[in-house]
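Working notes, structure below.
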Amino acid sequence: MASKMGGRSPALENVPTAHDVGDAEPPYDEHEAFIPHNTRIAHSYDPARLLLIGPAWVGDMVMAQVLLQVLRRRWPRLQVDVLAPPASVPLAERMLEVRRAIPLSIDHGQLGLKLRRQVAKDLLEQDYDWSICLPNSFKSALIPYWAQIQIRTGFRGEGRRLLLNDRHRLDKKKLPRTVDRFVALGLPPRLPQPTQLPAPRLQVNQAALAAALQRLGIGVPQRPLVALAPGAEYGPAKRWPVRHWITLARSLIEHGHAVWLFGSPKDAEITQAIAAAVPEALDLGGQTSLLEAVDLLSLAPITVSNDSGLMHVAGAVGSRVIALYGPTPLRMTPPLSAGAQPLRLDISCSPCGKRECPLKHHRCMEDLSPEHVIRQIPQT
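Under the working numbering, think of the first position of the sequence shown as 726, with each following residue one higher.
Structural data, given as structure tokens:
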């Protein structure tokens, strides 16, 4: 397909598959670092109750589940509660390792000292003996400190020296992926990172799935379902052009697939534009809760998505993800599910990491043609 900039479209970069980024179950000896005599925390005590301070981003919360799997291998009876913003905390309800999901309703960017003190006071009676703070902000470490949790783990920085007493140094070269950084906080400093990590897993609630289908007035599709997630919270540079989604949706339907569009209320304008051009596609943008999206995505053997939270959700419920990457570094937040296929073009200006294209041409996504994606989807 010819580039709008002139000349031929750049070739697809040879990007790793999920097997290259660690979806396989690690053999037991990969976890020698977790045996008690090597573990600083376990050397002093066997933790019973953990408070995990979770991230606000949906994709990051899915990746946090990998840390919980690793911890459960070491401490099978460890009870885990997750405290996180309302946007991401529902996902903790679908993690087998989590006892309780606790929403922290403070607006993004707000310090909320009074509410944080009250939450910490309420948590005192839980008698947590360990907390892990996944966000790197000062405010995220306040509640574990005020709740008087014995061991408070997190990365150094943001003036948290007094708040955290188990501080880890973040080496971004050794820990390029977000999931690696999360898992590192469950390891004592200076111990090696496991060479392989399990893929994230979210549980599907069949009763809730049936209820969602009934509420929406739809049934399980009779044709092979492909889910499309055309939104991206971070910014417009991460979004594949709407006209490409329209071309893809038309091709899928012509070749016998059912197509459902997923997204948050912020993505509804995008999904509506696609559905207006392709009426056979079912528009669920802004029509489902996050947990309903979890259950509904489990019906799709394949999901095509921008680098977004729904990309990680789809993979965690067993959908094979085709992930479209432009400005964001693939090495930091790759899809972690088995069989995932990330697609990115090999052009000099990508990845730039910007919310909007600084060169105003957006070639990293514009030139990633629908044909590139269609070739990854089996014909019915």
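Just so you know, even glycine gets a beta-carbon here, dropped at the ideal spot from N, CA and C.
Kindly indicate the opening and closing residues of the beta strand (DSSP E) around P1067.
-> Q1066 to L1068
From D1092, S1030 and I971, pick the residue whose C-alpha is nearest to that of R999; which is it?
-> The sequence given here has Ile at residue 999, not Arg. Considering only alpha carbons, the answer is I971.
Would you report the Cα separation of F907 and R885, rounded to the nearest angstrom?
-> 17 Å
What are the uninterrupted segments assigned as beta strand (DSSP E) that are 3 or more residues long and contained completely in the region 810-850, given in chain order?
-> 823-828
Under three-state DSSP, which class holds G1040?
-> helix
Report the rounded CA-to-CA distance for S1062 versus D832, giving the unit in angstroms.
-> 31 Å
If you check the beta carbons only, do I1027 and I1102 fall under 8 Å apart?
-> yes
Nearest-angstrom Cβ-Cβ length linking G1051 and C1089, presumed shorter than 8 Å | 4 Å
Alpha carbon to alpha carbon, what distance is there between K991 and G956?
-> 8 Å
Can you tell which of L1024, T903 and L895 has its C-alpha closest to the C-alpha of I943?
-> L1024
Does the distance from the C-beta atom of V805 to that of P828 stay below 8 Å?
-> no
Cβ neighbour criterion (16 or more within 10 Å) applied to P1004 = exposed
Quick one: what's got a C-beta closer than 7 Å to N930's C-beta in the same chain, skipping five residues either side?
-> D1020
Cross-strand partners of N1031 (DSSP beta bridge) = L1049
Rounded C-alpha distance that separates R1100 from A1041 | 23 Å
Closer than 8 Å, CB to CB, is G837 near chain B or not?
-> No chain B appears in the structure shown, which is made up of a single protein chain.
For the beta strand (DSSP E) that contains A1000, what are its first and last residues?
-> No beta strand (DSSP E) contains A1000, which is instead part of the alpha helix (DSSP H) from A993 to A1002.
Quick one: Cα of I978 to Cα of R948, how far?
-> 10 Å
Assuming P1076 contacts T1058 under a Cβ cut-off of 8 Å, what Cβ separation, rounded to an integer in Å, is found between them?
-> Going by Cβ atoms, the distance from P1076 to T1058 rounds to 11 Å, so no, they are not a contact pair.
L888 to P860 span [Cα, whole Å] = 13 Å
Do D854 and P772 have their C-beta atoms within less than 8 Å of each other?
-> yes
Looking at C-alpha atoms only, which residue of N1031, I1072 and D1071 is the closest neighbour of A1065?
-> N1031
Could you tell me the distance, in whole angstroms, from the CA atom of H969 to the CA atom of V1046?
-> 17 Å
With contact counted as at least three CB pairs below 8 Å, one residue from each stretch, are the region 838-846 and the region 809-824 in contact?
-> no
Taking all protein chains shown into account, do 16 or more other C-beta atoms lie within 10 angstroms of the C-beta of V791, making it buried, or fewer, making it exposed?
-> buried
For Q1104, is the classification buried or exposed, using 16 other Cβ atoms within 10 angstroms of its Cβ as the cut-off for buried?
-> exposed
Hey, out of L986, R964 and K963, whose CA is closest to A974's CA?
-> L986
Report buried or exposed for F863, applying the criterion of at least 16 other Cβ atoms within 10 angstroms of its Cβ.
-> exposed
Give the straight-line distance between the Cα atoms of V700 and A1001, rounded to the nearest whole angstrom.
-> This structure does not reach residue 700, given that the chain is present from 726 up to 1105, and the question cannot be answered.
Give a yes or no on whether the C-beta atoms belonging to D1022 and A1006 are separated by under 8 Å.
-> The amino acid occupying residue 1022 in the given sequence is Leu; Asp does not appear at that position. No, the pair does not count as a contact, with Cβ atoms beyond the cut-off.
F880 versus K899: straight-line alpha-carbon distance, rounded = 14 Å
Who pairs with G882 in a beta bridge, going by DSSP?
-> Looking at the DSSP assignment, G882 forms no beta bridge with any residue, so it has no partner.
Burial state of T920 (16 or more Cβ within 10 Å) | exposed
Per DSSP, cross-strand counterpart(s) of S856 | L776 and R877
Hey, could you find the ends of the beta strand (DSSP E) L950 is sitting in?
-> L950 to A954
Residue range of the unbroken alpha helix (DSSP H) whose run includes V783 | V783 to R799
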